[in-house]
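Colleague: Structure in structure tokens, see below.
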Amino acid sequence: MHWLILLIGVATSPALIAQQNAATLDHIQYSSVLNIGYRQLPPFSFTDKSGKVTGYTVALCNIIADKLRLYLKLNSLTVHYIPVNFADRFSALNTRKIDMDCGVNANAPERTSSVSFSIDYYIAKMRIISLRKNNIDALEDLKGRTVSLTGSSKDLLEFNKVNREKHLNISTITTTTINGAFEKMAHNESAALFLDDVLSWPLINHDEQPEQFSVSSETIGSDMHYAIMMRKNDPQFVTFVNSTLKNIFASPLDAQLRKKWLMPDSCKNINHQPAVHCQHSN
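In this text, residue positions in the sequence shown follow this note's numbering: the first is 28, and each later residue adds one.
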């Protein structure tokens, strides 16, 4: 099984192993509480104007919560939505601040020694987002310049790899949020933003001047496989989450959720003509 393979060679302290092996399902059944981590990352997880935490991934996690209540035979299950940033999400899981992270998390091999991932629910591609006036269409246009990215993100890992392999000598400004990285680019403090396409479209569409931005047709690095992130060494909980997701994806409900959350801010509904054709990735 996949989780058995991931356990091989993991070196952790006895105290941490004991903490991580405390079964999530047992903990939820005892407390009747499920703690869900999220970030402001529309259309997947965000707080709407009324203060409600919502989005495509949050909708999936709400269904998982409903199934958990039934599976554990609880009269009620209290769901707490806890904001966690890119840097804190791993420790938030392993210290039991949250039980699963339903913000955007890319399933990356370098992360599987410390956390577990569900099956994929979306595949995105990283692209170059820039001001149209800067005429940036490809990586080569950014040689020796400065770009902005979110720290502790898969985008940063992929960018650093490409930057190193292609000897581009591109400098980086990192921020704690995607909005912060976008603002650096929008205010010309960086020449471009490297970001997953699906996350860039809401930012562009909701800007006062969406026509000033362009999205590259060129993709950077590997595909981003979005998945729900959970604690390491808890295969029962991972299996439950995966089983629930598979049932959702095999039903008409998933198409309804995608239409509601992913289509309004998708590339095909972008309300201006980008400098180059941006493509739907899923």
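Don't be surprised by glycine CBs; every beta carbon is placed ideally from N, CA and C. On a predicted model such as this, the values are computed, not experimentally measured, just so you know.
#1: Using CA coordinates, which residue listed in G78, V85, T139 is at the minimum distance from F71?
#2: Taking just the CA atoms, how far does S157 sit from D234?
#3: Tell me which same chain residues have a C-beta within less than 7 Å of the C-beta of N185, skipping the five on either side of it?
#4: Closer than 8 Å is the cut-off here; do at least three beta carbon pairs connect the region 188 to 207 with the region 253 to 273?
#5: Our contact map puts D128 next to M256 with C-beta atoms below 8 Å; I'd like the distance itself, whole angstroms only.
#6: In terms of alpha-carbon separation, which member of Y98, D281, F264 lies closest to F143?
#7: Within this structure, are the beta carbons of D126 and T202 separated by less than 7 Å?
#8: DSSP on P237, reduced to helix/strand/coil?
#9: For N161, which of helix, strand or coil comes out of DSSP?
#10: Can you tell me whether DSSP reads N48 as helix, strand or coil?
#11: Would you kindly check if the distance between the Cβ of I91 and the Cβ of V242 is under 7 Å?
#12: Taking only the alpha-carbon atoms, compute the straight-line gap between R138 and L166 and give it to the nearest angstrom.
#13: Closest to I200 by C-alpha separation, out of H194, I109, T177, would be which residue?
#14: Assign D75 to one of three DSSP states: helix, strand, or coil.
#15: Residue range of the alpha helix (DSSP H) that Y98 falls in?
#16: N161: which of I150, Y149, V174, A151 sits nearest, CA to CA?
#17: Could I get the ranges of all uninterrupted beta strand (DSSP E) runs contained in the region 186 to 229, with 3 residues as the minimum, in chain order?
#18: Just to confirm the assignment, what range does the alpha helix (DSSP H) spanning N121 have?
#19: Check the DSSP bridge columns for M290 and list the partner residues they point to.
#20: Enumerate in chain order the residues of its own chain whose CB-to-CB distance from L289 is below 7 Å, with the five nearest sequence positions on each side excluded.
#21: Can you grab the Cα-Cα spacing for the pair H252 / L68, in whole Å?
#22: S270 lies in the alpha helix (DSSP H); which residues open and close that run?
#23: Taking the straight line between their C-alpha atoms, what separation do you get for E216 and T266?
#24: Does DSSP put A254 in a helix, a strand or coil?
Modeller: With the given structure in hand:
#1: Of all alpha-carbon atoms in G78, V85, T139, the one lying nearest the alpha-carbon of F71 is that of V85.
#2: Spanning the two alpha carbons is a distance of roughly 13 Å.
#3: What sits at residue 185 in the sequence shown is Glu, not Asn. The answer, listed in chain order, is M153, I247, G248, S249.
#4: With contact defined as three or more Cβ pairs closer than 8 Å, the region 188 to 207 and the region 253 to 273 are not in contact.
#5: Sure, about 4 Å apart at Cβ, within 8 Å.
#6: Looking at the sequence itself, residue 143 is Ser, so the reference to Phe does not match. The shortest C-alpha separation from S143 is found at F264.
#7: No, the pair does not count as a contact, with Cβ atoms beyond the cut-off.
#8: The answer is helix: DSSP assigns P237 an H, G or I state.
#9: The answer is helix: DSSP assigns N161 an H, G or I state.
#10: Note that N48 has pLDDT 45, beneath the 50 cutoff, so the model's placement of it is unreliable and no number is given.
#11: No Cβ-Cβ contact shorter than 7 Å links V242 with I91.
#12: Put simply, the backbone Cα of R138 is about 26 Å away from that of L166.
#13: The shortest C-alpha separation from I200 is found at T177.
#14: In the structure shown, D75 sits in coil (DSSP, three-state: anything other than H, G, I, E or B).
#15: Start and end: 83 to 98.
#16: Closest by alpha carbon: V174.
#17: You should have 198 to 202, 219 to 223.
#18: Residues 116 to 121.
#19: Beta-bridge analysis with DSSP links M290 to no other residue.
#20: Leaving aside the five residues that flank L289 on each side, the residues in its chain whose CB is nearer than 7 Å to its CB run, in chain order, P70, Y83.
#21: Taking the straight line from one Cα to the other gives about 15 Å.
#22: S270 -> alpha helix (DSSP H) spans 262 to 276.
#23: Each residue's alpha carbon lies about 45 Å from the other.
#24: Looking at A254 - three-state DSSP - the assignment turns out to be coil, as it is neither helix nor strand.
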